[in-house]
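Heads up, the thing below is written out as structure tokens.
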Amino acid sequence: MRLIKYLIAAIAISGSAASNAAIITVQGSNVLNNGVTMSVTEARSAWEALLFSHTLDTIIGATGTGANGITTTAGNVYKNIGNGSNISISNSSALGSGPAIGGSRNGASRISFDVFFTSPVNAVAFDVYDNDGGGMQLILTDANTGLETLFDFNSTKGSGHREFFGVVFEPTTFVSSLRVGGTDPGGSTIWDNFSFGIGQQAVDSCTLNPSQPQCTNVGVSEPVSLALFGFGLAGLALRRRIKK
2 MRLIKYLIAA IAISGSAASN AAIITVQGSN VLNNGVTMSV TEARSAWEAL
52 LFSHTLDTII GATGTGANGI TTTAGNVYKN IGNGSNISIS NSSALGSGPA
102 IGGSRNGASR ISFDVFFTSP VNAVAFDVYD NDGGGMQLIL TDANTGLETL
152 FDFNSTKGSG HREFFGVVFE PTTFVSSLRV GGTDPGGSTI WDNFSFGIGQ
202 QAVDSCTLNP SQPQCTNVGV SEPVSLALFG FGLAGLALRR RIKK
């Protein structure tokens, strides 16, 4: 409970008004607004506590290049955006989990790459190493409207830091793709342990109202929900009969 309490006071962000892709929570392992510092493990655990389900999309077994797209075993694709920066499969053990996504700025304003999900997601997270206090940027593409939302936040100052960043969107927001950007002053950054999933609030919302457009992504079918509703009515009728 203590960890979840701190989620509301997470790292500062700013978002554009381009769409309704509001964030419920931003969780980071750097110093929070209330002065509490979380470890990477604590921050990830707090993020996972808000989810109904999630998948860890490691780079182990991934194939391809940043130019043509790096495809992971989960089916997601990581690809350069063409701004001059480059990503590749890195065997650096800096994050302690084998292969990772290594990025180089190559003179670009930021290391940027796109992540295309096999199916829309309601929450995303990743570990990042050695961003040297640079900015971190997420551009989200809404799966239902196609509109984009921009969020900016900062990593911890200094080199050699390992951090965790995780976001959970409001129940009606599902993302089909994500653009990640880092402005590492040193020119290189490593990302790993990308995770994606569905927040518990999204599932709860679709259980109550499965006709919402995003509920096909959640997998809550209307017949099942109607059956649950029917059981509820039957329970009420039985209760009234007993009272009589």
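What the sequence shown shows, in my numbering, is residues 2 to 245, in sequence order.
Glycine included, each C-beta is placed from N, C-alpha and C at the ideal position.
- According to DSSP, A203 shares a beta bridge with no other residue.
- Just measuring C-alpha positions, the residue of V176, T190, I88 and L148 sitting nearest G136 is T190.
- Nearest neighbour of T74 by Cα position, chosen from A68, I82 and T64, turns out to be T64.
- Excluding five sequence positions before and after S178, the CB atoms of its chain that fall closer than 7 Å to its own CB belong to D115, V116, F117, F118 and T142, given in chain order.
- With contacts defined by Cβ atoms closer than 9 Å, R163 and D128 form a contacting pair.
- Look at the segment 107-150 and you find no whole run of alpha helix (DSSP H) that is 4 residues long or longer.
- For N218, the secondary structure class from DSSP, reduced to helix, strand or coil, is helix.
- In the three-state DSSP reduction, S40 falls in the coil class, being neither helix nor strand.
- Taking a 10 Å sphere around the C-beta of P186, we find fewer than 16 other C-beta atoms and assign the residue as exposed.
- Scanning its chain for C-beta atoms nearer than 6 Å, with the 5 sequence neighbours on each side dropped, one finds around R45 the residues F165, in chain order.
- Using a C-beta cut-off of 8 Å, the segment 192-207 makes no contact with the segment 145-155, since fewer than three inter-stretch Cβ pairs fall below that distance.
- In this structure, V125 is the residue among D193, V125, Q138 and P211 with its C-alpha nearest to the C-alpha of V176.
- With 16 or more other CB atoms across the displayed protein chains lying within 10 angstroms of its CB, L52 is buried.
- Contact between S91 and P100 holds: CB atoms are separated by about 7 Å, below the 8 Å threshold.
- For A101, the three-state secondary structure derived from DSSP is strand.
- The three-state secondary structure of S86, taken from DSSP, is coil.
- With distances taken between CA atoms, M39 lies nearest to G167 out of G167, F195 and I140.
- Annotation: the continuous beta strand (DSSP E) that includes F166 extends over R163 to F170.
- By the beta-carbon neighbour count (other beta carbons within 10 angstroms, threshold 16), S110 is exposed.
- A Cβ-Cβ contact shorter than 9 Å links G103 with S89.
- Under the three-state reduction of DSSP, L209 is assigned to helix.
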